[in-house]
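Heads up: the structure comes next, in structure tokens.
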Amino acid sequence: MAETINMPKLGFDMAEGLLVRWVKQVGEQINEGDVLAEIETDKATVEVESSASGVVLQLIVDQGTMVPVNAPIAVVGEKGEKVDVAAPTAESGKQKADEKPAAPPPSGTQQTPPTPAPVPQASAPADGAPVKASPLAKKIARDKNINLANLQGTGPGGRVVRKDVESALSSGQSSVNSVQSAQPNYQLPITTHEDKVVQTTKLRQAIGRRLVESKTTIPHFYVTHEYKMEALMDMRKQANAYLPDNEKLSVNDFILKAVALTLRQFPNLNATIKGNEVIQFGHVNVGVAVTVPGGLMTVVVKDTDQKMLRQISGEVKAMAARAREGKVRPDDVDGSTFSTSNLGMYDVEDFIAIINPPEAAILAISSAREVPVVEGGELKVGWRMKTTISVDHRVSDGAEAAQFMQALAGFLENPVRMLV
Amino acid sequence: MPKITMREAISQALMEEMDLDPAVFIMGEEVGVWGGTYAVTKGFYDKYGPDRIKDTPIAENAIIGAAIGAAMVGQRPIAELMTINFAFSAMDYIVNQAAKLHYMFGGQFMLPMVIRAVGGGGRQLGATHSQTPDAIFAHFPGLKVVSPGTPEDAKGLLKSAIRSNDPILFIEHATMYQVRGDVPEGEYTIPIGKSKIQREGSDLTIVTYCKGLELSMKAAEQLSKDGIEAEIADLRTLRPLDMEPVLESFKKTNRAIVVEEGWKSYGVGSEIVSRIYEEAFDYIDAPIIRVAQKEVPLPYNRALEQAALPQVHDIVEAAKEVLK
Numbered sequence: 001m002a003e004t005i006n007m008p009k010l011g012f013d014m015a016e017g018l019l020v021r022w023v024k025q026v027g028e029q030i031n032e033g034d035v036l037a038e039i040e041t042d043k044a045t046v047e048v049e050s051s052a053s054g055v056v057l058q059l060i061v062d063q064g065t066m067v068p069v070n071a072p073i074a075v076v077g078e079k080g081e082k083v084d085v086a087a088p089t090a091e092s093g094k095q096k097a098d099e100k101p102a103a104p105p106p107s108g109t110q111q112t113p114p115t116p117a118p119v120p121q122a123s124a125p126a127d128g129a130p131v132k133a134s135p136l137a138k139k140i141a142r143d144k145n146i147n148l149a150n151l152q153g154t155g156p157g158g159r160v161v162r163k164d165v166e167s168a169l170s171s172g173q174s175s176v177n178s179v180q181s182a183q184p185n186y187q188l189p190i191t192t193h194e195d196k197v198v199q200t201t202k203l204r205q206a207i208g209r210r211l212v213e214s215k216t217t218i219p220h221f222y223v224t225h226e227y228k229m230e231a232l233m234d235m236r237k238q239a240n241a242y243l244p245d246n247e248k249l250s251v252n253d254f255i256l257k258a259v260a261l262t263l264r265q266f267p268n269l270n271a272t273i274k275g276n277e278v279i280q281f282g283h284v285n286v287g288v289a290v291t292v293p294g295g296l297m298t299v300v301v302k303d304t305d306q307k308m309l310r311q312i313s314g315e316v317k318a319m320a321a322r323a324r325e326g327k328v329r330p331d332d333v334d335g336s337t338f339s340t341s342n343l344g345m346y347d348v349e350d351f352i353a354i355i356n357p358p359e360a361a362i363l364a365i366s367s368a369r370e371v372p373v374v375e376g377g378e379l380k381v382g383w384r385m386k387t388t389i390s391v392d393h394r395v396s397d398g399a400e401a402a403q404f405m406q407a408l409a410g411f412l413e414n415p416v417r418m419l420v
Numbered sequence: 001m002p003k004i005t006m007r008e009a010i011s012q013a014l015m016e017e018m019d020l021d022p023a024v025f026i027m028g029e030e031v032g033v034w035g036g037t038y039a040v041t042k043g044f045y046d047k048y049g050p051d052r053i054k055d056t057p058i059a060e061n062a063i064i065g066a067a068i069g070a071a072m073v074g075q076r077p078i079a080e081l082m083t084i085n086f087a088f089s090a091m092d093y094i095v096n097q098a099a100k101l102h103y104m105f106g107g108q109f110m111l112p113m114v115i116r117a118v119g120g121g122g123r124q125l126g127a128t129h130s131q132t133p134d135a136i137f138a139h140f141p142g143l144k145v146v147s148p149g150t151p152e153d154a155k156g157l158l159k160s161a162i163r164s165n166d167p168i169l170f171i172e173h174a175t176m177y178q179v180r181g182d183v184p185e186g187e188y189t190i191p192i193g194k195s196k197i198q199r200e201g202s203d204l205t206i207v208t209y210c211k212g213l214e215l216s217m218k219a220a221e222q223l224s225k226d227g228i229e230a231e232i233a234d235l236r237t238l239r240p241l242d243m244e245p246v247l248e249s250f251k252k253t254n255r256a257i258v259v260e261e262g263w264k265s266y267g268v269g270s271e272i273v274s275r276i277y278e279e280a281f282d283y284i285d286a287p288i289i290r291v292a293q294k295e296v297p298l299p300y301n302r303a304l305e306q307a308a309l310p311q312v313h314d315i316v317e318a319a320k321e322v323l324k
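Top line first, the protein sequences correspond to chains C and E.
FYI, the numbering used here numbers position 301 of the first sequence as 301, with every residue one higher than the one before it.
FYI, the numbering used here numbers position 31 of the second sequence as 31, with every residue one higher than the one before it.
Structural data, given as structure tokens:
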């Protein structure tokens, strides 16, 4: 019995997805869970897995087509079965035409056209813009497993040439995915006085659209709180002594857990607003903003409040790695109920974040720093960390936010509470 | 080894081959009594007489046509064109007859003939007498095109050309007859269709031939003072083209320029660059630059003529550009 595979809904507000590439072709064997296609949403390029086993009987839409959520994209069944499902794009195109019957279309609309042009480079690494490098540099990088995006090109216009790859090799930089480009040999940047036009990536554009919408339609307010971090730093040290190098807990892992437990006490901040209703989510899924080539993505730890620190840590590490490689799974980025953004590794004193719609609040986490503090009338050295929460004023008020921040201190300053 | 001029080297080759094979004879405008426009055949008329050194009318199609006929019946004619610009008058004979007869007649005829032609600018001979149309002739399968850049190569290649059973266009440069170089004593030949590394270096490859070789060698000396060592690959033969030494060199240096005297568009440089892209793509570390003649009919005025022709400083600049 043939089964139809539909365009999955990969995000809360996803309405359509661009079918970038068919991984399987008609006639190929496919098992449930095998990757059938790659699609691109506002957030990322993701792989669509087949929900059925058998032979690919029909690929209903062409590569490069924008497909509405839940519309059929392929049929999987037994060899020889007859199927013929009409492509969905015509229908959706008609719908759009119905909405806007008169030609010419209103100027300045940002609506997706019914039949968008294919995006040929979309199957390239999620990186977005291709790295400018000579064929030779590319070949060496390929052979030696070097990520060209991490290199500073010294050729004309910043082109990465053989010399650059070789000096990276000799300086021992061979990690494929190091986010910060470790550049042990400081080189003077090449000064040019020419303006440079850089095409924004799809991800960048999506970030722009969403955050303009957020900042212009959501009335933000902000509350900052400073936390005493000595106890947490101690506990982290103790815990990490029992963990192998690749599983060490970060400060952020503790904060995620603390935030999730605090949100349980403040369901109104773990929510979304829809018209006159606030929907308080039953699950606490904390999102973590991750820097990726060409922008920023939020990966989500499901039921953060229910998970052990080690599990939270492992999930964030794995999802962040996938996000940076452009291999993020739909499940990784879907369903966050509250987001966090941590710039702690950059020695940041304090900053504020923009709410990630449709959520009601976001927490901006700064660096834990050694600072002079006054305790019991005495000047001492202490570990302090500031965080700032941004809240949708339609949902909540300053008092509630301040209480949340205070309650969060209960966990961050007495971290043992997270264990009981 | 004795240092002799290009003119002497070519004269020696002609004389040696005429002494060896009575079927070899020379025909062309002013080649006999006058001794050749560039004095290459000075003394030949007295030595070999009018049967083997034939002065012809000013009719290039007749010269090449007669040479083709003689070659078809077993003679070994060497037809001289006073300048390669006159080859256009004999274009049909060169590209439709000489280049194709062996093929069209199913191999019944061989064409053991050499067309010696003087090419190149720089002597203030005006737009119609100063061209470097080598690429046009190298375009046609069936015709071999040889263009040496040193006296040693000129002698060895010309002797091979005279002994070859195929029609060969042998292009000499009008400003290079006085160039001196080491030439081995005694009998030797150099095979047609073999490129040669004329100078070793590790930083970039200069691909060139004929006049371009002379200019590139000077440019390489200048570059060397700045610590840049250029390797120079001399094509010597444009068809059949031997890319092996060029590619070998390029795979070592990863950067190249191509120097030719002809116009840049559709030229020898374009061919070389394409071959490198096709056969050594993964070795390219910078775009390959062509140094060639400016895209104008070559001016008569000396300053303008020199400005339009590729110069040593153009090569030096291009080399530095690809090394950026």
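For each residue, glycine too, the CB sits at the ideal point set by N, CA and C.
Treat the numbers as computed from the prediction; the structure is a model and nothing was measured.
7 Å Cβ cut-off: residues of chain E touching A137 of chain C | Here residue 137 of chain C is taken as the residue at index 137 of the first sequence, counted from 1. Those within 7 Å of A137 of chain C in chain E are D285.
A318 of chain C: first and last residue of the uninterrupted alpha helix (DSSP H) it sits in | For the purposes of this step, residue 318 of chain C is taken as residue 318 along the first sequence, with counting starting at 1. Per DSSP, the continuous alpha helix (DSSP H) segment holding A318 of chain C begins and ends at 309-325.
Can you check whether the CB of A368 of chain C is closer than 8 Å to the CB of M421 of chain C?
-> Residue 421 of chain C falls outside the range modelled here, since chain C spans only 1 to 420, and no answer is possible.
So which residues on chain E does R162 of chain C lean against when the C-beta distance must stay under 7 Å?
-> Counting from 1 along the first sequence, the entry for residue 162 of chain C is found at position 162. For a Cβ distance threshold of 7 Å, residue set N254, D285 of chain E lies close to R162 of chain C, ordered along the chain.
Other residues of its chain near L211 of chain C: CB distance less than 6 Å, five sequence neighbours each side excluded | Within the first sequence, residue 211 of chain C is the residue found at index 211, counting from 1. If we look at L211 of chain C and ignore the five residues flanking it on each side, its Cβ neighbours are I354.
Among E:A117, E:H102, E:G119, E:T175, which residue has its Cα nearest to the Cα of T5 of chain E?
-> In the second sequence, residue 5 of chain E corresponds to position 5, counting from 1. The shortest Cα separation from T5 of chain E among E:A117, E:H102, E:G119, E:T175 belongs to E:T175.
is_contact[K324 of chain E, chain C] using C-beta, thresh 8 Å | The residue you call residue 324 of chain E lines up with position 324 of the second sequence. So yes, K324 of chain E belongs to the interface.
Got a sec: is the Cβ-Cβ distance from F250 of chain E to anything in chain C below 8 Å?
-> Position 250 of the second sequence, counted from the start, is the residue given in the question as residue 250 of chain E. Interface annotation, F250 of chain E: not in contact with chain C, CB-CB separation never under 8 Å.
How would you write the range of the beta strand (DSSP E) that S366 of chain C sits in, first residue to last?
-> Within the first sequence, the letter at position 366 stands for residue 366 of chain C. Looking at the DSSP string, the run of the beta strand (DSSP E) that includes S366 of chain C is 361-375.
In the DSSP assignment, what are the bridge partners of V258 of chain E?
-> Working through the second sequence from its first residue, we reach residue 258 of chain E at position 258. Per DSSP, E:V207, E:R290.
Does the beta carbon of S396 of chain C come closer than 8 Å to any beta carbon on chain E?
-> Working through the first sequence from its first residue, we reach residue 396 of chain C at position 396. Not an interface residue.
Considering P151 of chain E, what are the terminal residues of the alpha helix (DSSP H) in which it resides?
-> Counting from 1 along the second sequence, the entry for residue 151 of chain E is found at position 151. 151-163 is the span of the alpha helix (DSSP H), which, as asked, contains P151 of chain E.
Rounded to whole angstroms, what's the CA-CA distance from N285 of chain C to T272 of chain C? Just pull it up for me.
-> Translated into positions along the first sequence, residue 285 of chain C becomes position 285. Translated into positions along the first sequence, residue 272 of chain C becomes position 272. The alpha-carbon atoms of N285 of chain C and T272 of chain C are separated by roughly 13 Å.
Quick one: which unbroken beta strand (DSSP E) runs of 3-plus residues sit fully inside the region 9-75 of chain E? Chain order, please.
-> Inside the region 9-75 of chain E, DSSP marks whole beta strand (DSSP E) runs of 3 or more residues at positions 24-28, 53-55, from first to last along the chain.
On the premise that T262 of chain C lies in contact with L419 of chain C, defined as a C-beta separation below 8 Å, what is that separation, rounded to the nearest angstrom?
-> In the first sequence, residue 419 of chain C corresponds to position 419, counting from 1. In the first sequence, residue 262 of chain C corresponds to position 262, counting from 1. Incorrect: roughly 15 Å between the Cβ atoms, too far for contact.
Does the separation of the CB atoms of L136 of chain C and D203 of chain E fall below 8 Å?
-> Translated into the one-based positions of the first sequence, residue 136 of chain C becomes position 136. Translated into the one-based positions of the second sequence, residue 203 of chain E becomes position 203. Contact: no.
Whole-Å CB distance - H173 of chain E paired with G119 of chain E, under 8 Å assumed = Sequence index remark: in the second sequence, residue 173 of chain E carries index 173 (1-based). Sequence index remark: in the second sequence, residue 119 of chain E carries index 119 (1-based). Contact flag correct, Cβ pair sits at about 6 Å.
Going by DSSP, what residues sit across from Y177 of chain E in a beta bridge?
-> Translated into positions along the second sequence, residue 177 of chain E becomes position 177. Bridge partners of Y177 of chain E: none, in fact.
Would you call the region 284-304 of chain C and the region 329-341 of chain C in contact, with 3 or more CB pairs under 8 Å?
-> Pairwise C-beta distances place the region 284-304 of chain C in contact with the region 329-341 of chain C, as three or more of them are shorter than 8 Å.
On the three-state DSSP scale, how would you describe L151 of chain C?
-> As a first step, residue 151 of chain C is located in the first sequence; it is residue number 151 there, counting from the start. Coil, per DSSP.
Mind checking whether E231 of chain E and E200 of chain E have CB atoms under 8 Å apart?
-> Within the second sequence, residue 231 of chain E is the residue found at index 231, counting from 1. Within the second sequence, residue 200 of chain E is the residue found at index 200, counting from 1. Their beta carbons are under 8 Å apart, which means E231 of chain E touches E200 of chain E by this criterion.
Which bits of chain C does F281 of chain E rub up against, with CB to CB less than 7 Å?
-> Taking the second sequence and counting its residues from 1, the one referred to as residue 281 of chain E is at position 281. Under the 7 Å cutoff, chain C gives P135.
Reduced DSSP secondary structure (H/G/I, E/B, other) of L419 of chain C = Translated into the one-based positions of the first sequence, residue 419 of chain C becomes position 419. Reduced to three states, the DSSP call for L419 of chain C is helix.
Alpha carbon of I78 of chain E to alpha carbon of I53 of chain E, nearest angstrom = As a first step, residue 78 of chain E is located in the second sequence; it is residue number 78 there, counting from the start. As a first step, residue 53 of chain E is located in the second sequence; it is residue number 53 there, counting from the start. When rounded, the distance between both Cα atoms is 10 Å.
To which residues of the same chain is A71 of chain E closer than 6 Å at the C-beta, ignoring the five residues directly before and after it?
-> Residue 71 of chain E sits at position 71 when you count from the first residue of the second sequence. Residues of the same chain with a CB within less than 6 Å of the CB of A71 of chain E, apart from the 5 flanking positions on each side, are P77, L111, P112, M113 in chain order.
CA nearest to the CA of E17 of chain E, picked from E:Q75, E:K159, E:A87, E:Q293 | The sequence position of residue 17 of chain E within the second sequence is 17, counting from 1. Relative to the Cα of E17 of chain E, the nearest Cα in the group E:Q75, E:K159, E:A87, E:Q293 belongs to E:K159.
Are there three or more Cβ pairs, one per stretch, closer than 8 Å when the region 38-52 of chain E is compared with the region 124-132 of chain E?
-> No, they do not touch.
Chain C beta carbons: is any one of them nearer than 8 Å to that of R116 of chain E?
-> For the purposes of this step, residue 116 of chain E is taken as residue 116 along the second sequence, with counting starting at 1. No, R116 of chain E does not count as interfacial toward chain C.
Straight-line Cα distance separating A168 of chain C from V40 of chain E | Reading the second sequence from its first residue, position 40 is the one you call residue 40 of chain E. Reading the first sequence from its first residue, position 168 is the one you call residue 168 of chain C. Going from the Cα of V40 of chain E to the Cα of A168 of chain C covers about 59 Å.
Near-chain E residues of the region 143-171 of chain C - C-beta to any C-beta below 7 Å | Within the region 143-171 of chain C, the residues whose Cβ lies closer than 7 Å to some Cβ of chain E are G155, P156, V161, R162, listed in chain order.
Compute the Euclidean distance between the alpha carbons of R275 of chain E and M243 of chain E, then round it to the nearest angstrom.
-> On the second sequence, position 275 is the one that residue 275 of chain E refers to. On the second sequence, position 243 is the one that residue 243 of chain E refers to. The C-alpha of M243 of chain E is placed about 8 Å away from the C-alpha of R275 of chain E.
Around the C-beta of G77 of chain C, are 16 or more other C-beta atoms found within 10 angstroms, so that it is buried, or is it exposed?
-> Residue 77 of chain C sits at position 77 when you count from the first residue of the first sequence. Its Cβ being crowded by 16 or more others within 10 Å, G77 of chain C is buried.
Proximity to G155 of chain C [Cα-Cα], best of E:Q198, E:V146, E:E248, E:R255 = Residue mapping note: residue 155 of chain C aligns to position 155 of the first sequence, counting from 1. Among E:Q198, E:V146, E:E248, E:R255, the Cα nearest to that of G155 of chain C belongs to E:R255.
Terminal residues of the alpha helix (DSSP H) in which H313 of chain E lies = Mapped onto the second sequence, residue 313 of chain E falls at position 313. Residues 312-322.
By a C-beta neighbour count over all protein chains shown, 10 Å radius and 16 as the cutoff for buried, is Q29 of chain C buried or exposed?
-> Start at 1 with the first residue of the first sequence, and residue 29 of chain C comes out as number 29. Q29 of chain C should be labelled exposed.
Answer yes or no: do V48 of chain C and I60 of chain C have a C-beta to C-beta separation smaller than 8 Å?
-> Here residue 48 of chain C refers to the residue found at position 48 when the first sequence is read from its first residue. Here residue 60 of chain C refers to the residue found at position 60 when the first sequence is read from its first residue. No; because the gap between Cβ atoms is not below 8 Å, this pair is not in contact.
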